[in-house]
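Q:
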Ligand SMILES: Cc1ncc(COP(=O)(O)O)c(C=O)c1O
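Printed below as a string of structure tokens:
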């Protein structure tokens, strides 16, 4: 245990804190006996993620980015040192070596998600946003088409509405509801029952919210299909700690970023696409790599077939083998083992954080989303409150966490829809913000004009999380007990 400090004050005495943690850990293990089955990860924490404990770092931003193991770096480095790899678009030996490694990675991605190669293909992209952009810009929206999405979505999904709007499609958002931040199933089903039968209709939702950790029902996929919708399942925040089995669920498109699952490499994501649905996408342009041939004088081009038509330019051919190395590593540990561990730690943390109260009985935390682990993942969004219910400025909380070597994330996490519901912001609040003449940041506008919270704090658990991480976070949260937001946080505002 480190010499933990907040604002220069120790949050706990290092001599007593280790004993306290051991005692708490004993109680934790009694309550979550399944955690014992994940002890392999404790060995890996020491051997593969030793840098965390050497730096006494509490990493709580796995939904932002996963952490890589030393193993992945060793394996990738050995792979690079052993071969001669050139640009894949040729048939010289170095080019063929790259093609072979990249096709192996492509095949393994399908295998990892239990996706039949007859049914699915993999398009490599820069990240999940790049994968979503492919769908948005290539989808055959037209007048009367419907684009249906949940409030709870990443901005890259919100952004697709601009492609839909440009092609005169109708855009419908289904809201989620506070405090659980779940979506009303009946509203989804009512909307799904009304596709435009004369056009193509697209429905997008996240398997897991990157804001609240809520997991939405994967059963919506087959329900939507039954009404004739095409379905994008945004799996970016779900797959790092959950099983996605594409032989059980059959979404048309699945965008994801590999760095969220395996930490390394960054800059590579993919769109897993159902071949049957891919043939409806029309890329709006062509580039090197996406065509069989193009002519300047003939003013025509012939698109490649399948995934190749969407991989613009040179793929990240040296990093794709690292994707396969990382996925094999996860598979060897077992995604269910990671899941079990993360959910035990999340359950403990949710209980402990919800139980924190000031002396006057007021809660310390306002948690946005479910307070138990039913249909949710290991991502918790919240704000810290003082005894009078004033919200601590999240920048201040991030700074004090940083001073304690705790990595967490603050803001609205590129998910404005979930944030607007969580913070009680209305359409009128938001519209007037955009009408103001000066370009104001979302946060400045909301605080200044509306007197409402404009962001939250998010902690998220992942592959290398252990009890010490969550225990240290609880100790950090306890330092806010009976503390006034007025004195310490700089800015205060009512929720
Ligand atoms: C659910 C979800 N979708 C999409 C994205 C976008 O991922 P990227 O920034 O890697 O493109 C994220 C990133 O946080 C996410 O959590």
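Numbering (our numbering), first residue to last: 59 to 553. Glycine included, C-beta positions come from ideal geometry on N, C-alpha and C.
1) By alpha-carbon positions, which one of 323, 398, 529, 294 ends up nearest to residue 163?
2) If you follow the alpha helix (DSSP H) that residue 90 is part of, which residue opens it and which one closes it?
3) Taking only three categories from DSSP, how would you classify residue 100?
4) For residue 279, which option in 269, 270, 265 has the closest C-alpha, if you only look at C-alpha atoms?
5) Consult DSSP for residue 63 and reduce its assignment to one of helix, strand or coil.
6) Which residues share a DSSP beta bridge with residue 182?
7) Kindly give me the distance between the Cβ atoms of residue 56 and residue 371, rounded to whole angstroms, as I take these residues to be in contact under 8 Å.
8) Is the closest heavy atom of ligand 1 to the C-beta of residue 317 under 8 Å?
9) Ignore the nearest five residues each way along the sequence and tell me which others in residue 144's own chain have a CB closer than 7 Å to its CB.
10) The alpha helix (DSSP H) spanning residue 204 covers which residue range?
11) Judging by CA-CA distance, which residue of 411, 184, 421 is the nearest neighbour of residue 328?
12) Would you say residue 312 touches ligand 1, meaning its beta carbon is less than 8 Å from a heavy atom?
13) Is it the case that the Cβ atoms of residue 293 and residue 262 are separated by a distance below 9 Å?
14) Could you check where the beta strand (DSSP E) with residue 426 kicks off and where it finishes?
15) Check for me: the beta strand (DSSP E) holding residue 142 runs from which residue to which?
16) Under 9 Å between the Cβ atoms of residue 528 and residue 519?
17) Indicate the three-state DSSP secondary structure (helix, strand or coil) for residue 317 in the structure shown.
18) Look up residue 361 in the DSSP assignment and say whether it is helix, strand or coil.
19) Along the alpha helix (DSSP H) that carries residue 479, what are the first and last residues, could you check?
20) Can you list, in chain order, the residues of its chain whose CB lies under 7 Å from that of residue 402, leaving out five sequence neighbours each side?
21) Give a single yes or no on whether residue 190 has its beta carbon closer than 8 Å to a heavy atom of ligand 1.
22) With respect to the beta strand (DSSP E) encompassing residue 468, which residues constitute its N-terminal and C-terminal limits?
23) Would the beta-carbon of residue 295 be found less than 8 Å away from any heavy atom of ligand 3?
24) What do you get for residue 468, buried or exposed, if any count of 16 or more other CB atoms within 10 angstroms of its CB means buried?
25) Any idea what DSSP makes of residue 556, helix, strand or coil?
26) Let's see if you can read the secondary structure: which residues bound the alpha helix (DSSP H) around residue 381?
27) Below 8 Å, can you find three or more Cβ-Cβ pairs linking the stretch 240-251 to the stretch 405-415?
28) Buried or exposed: where does residue 75 fall if 16 or more other Cβ atoms within 10 Å of its Cβ makes it buried?
29) I'd like the ranges of any alpha helix (DSSP H) spanning at least 4 consecutive residues and lying wholly in the stretch 149-195.
30) Just to confirm my understanding: we take residue 575, look at its own chain, exclude 5 residues before and 5 after, and list those with CB closer than 7 Å. What are they?
31) Would residue 470 pass as a contact of residue 513 if the rule is Cβ separation under 9 Å?
32) Can you give the Cα-Cα distance for residue 130 and residue 254, rounded to whole angstroms?
33) Check for me: the beta strand (DSSP E) holding residue 367 runs from which residue to which?
34) So the beta strand (DSSP E) residue 288 belongs to, where does it begin and stop?
35) Straight-line CA distance for residue 349 to residue 208?
36) Short of 6 Å in beta carbon distance, which residues of its chain neighbour residue 417, apart from the five on each side in sequence? Order them along the chain.
A: Reading off the structure:
1) When each option's Cα is compared against that of residue 163, the closest is 323.
2) DSSP places residue 90 outside any alpha helix (DSSP H), giving it a letter other than H or E.
3) Three-state result, residue 100: helix.
4) Answer by Cα proximity: 265.
5) The predicted model places residue 63 with a pLDDT of 41, which falls under 50 and marks its position as unreliable; any figure quoted below should be read in that light. Residue state for residue 63 is assigned as strand, using DSSP reduced to three classes.
6) The bridge partners DSSP lists for residue 182 are 328.
7) Any question about residue 56 goes unanswered here, given that the chain covers just 59 to 553.
8) True, at least one ligand heavy atom lies under 8 Å from that Cβ.
9) Closer than 7 Å at Cβ, skipping near neighbours: 150, 152, 153, 156.
10) Careful: residue 204 lies outside any alpha helix (DSSP H), inside the beta strand (DSSP E) at 204-208.
11) Among 411, 184, 421, the Cα nearest to that of residue 328 is on 184.
12) Taking the Cβ of residue 312 as the reference point, every heavy atom of ligand 1 lies at 8 Å or farther away.
13) It is not a contact, given that the beta carbons lie outside the stated cut-off.
14) Where residue 426 is concerned, the enclosing beta strand (DSSP E) stretches over 423-426.
15) That residue, residue 142, is in no beta strand (DSSP E); it is neither H nor E in DSSP.
16) Closer than 9 Å, so yes.
17) Per DSSP, reduced to three states, the secondary structure at residue 317 is helical.
18) In the displayed model, residue 361 falls within a strand according to three-state DSSP.
19) Counting along the chain, the alpha helix (DSSP H) containing residue 479 begins and ends at 474-480.
20) So the list reads 90, 92, 93, once near-sequence residues are dropped.
21) Yes, the beta carbon of residue 190 sits closer than 8 Å to at least one heavy atom of ligand 1.
22) Run containing residue 468: 467-469, per the beta strand (DSSP E) assignment.
23) Although ligand 3 was asked about, the structure shown includes only ligand 1 as ligands.
24) Burial is judged here by how many other beta carbons sit within 10 angstroms of a residue's own beta carbon; residue 468 has at least 16 and is buried.
25) Here the chain covers residues 59 to 553 and nothing more, so residue 556 does not appear.
26) Its alpha helix (DSSP H) spans residues 378-391.
27) No, because fewer than three Cβ pairs between the stretch 240-251 and the stretch 405-415 fall closer than 8 Å, the two stretches do not touch.
28) With 16 or more other Cβ atoms from the protein chains shown falling within 10 Å of its own Cβ, residue 75 counts as buried.
29) If we require 4 residues or more, the alpha helix (DSSP H) runs fully inside the stretch 149-195 come out as 151-170.
30) The structure shown does not extend to residue 575, since the chain is modelled only from 59 through 553, so no value can be given for it.
31) Yes.
32) C-alpha separation (whole angstroms): 47 Å.
33) Secondary structure note for residue 367: it is in no beta strand (DSSP E), with a DSSP letter that is neither H nor E.
34) In the DSSP assignment, residue 288 falls within the unbroken beta strand (DSSP E) covering 288-292.
35) Looking at the two C-alpha atoms, the distance is approximately 35 Å.
36) When the five nearest sequence neighbours on each side are left out, the beta carbons in the same chain lying within less than 6 Å of the beta carbon of residue 417 are those of 540, in order along the chain.
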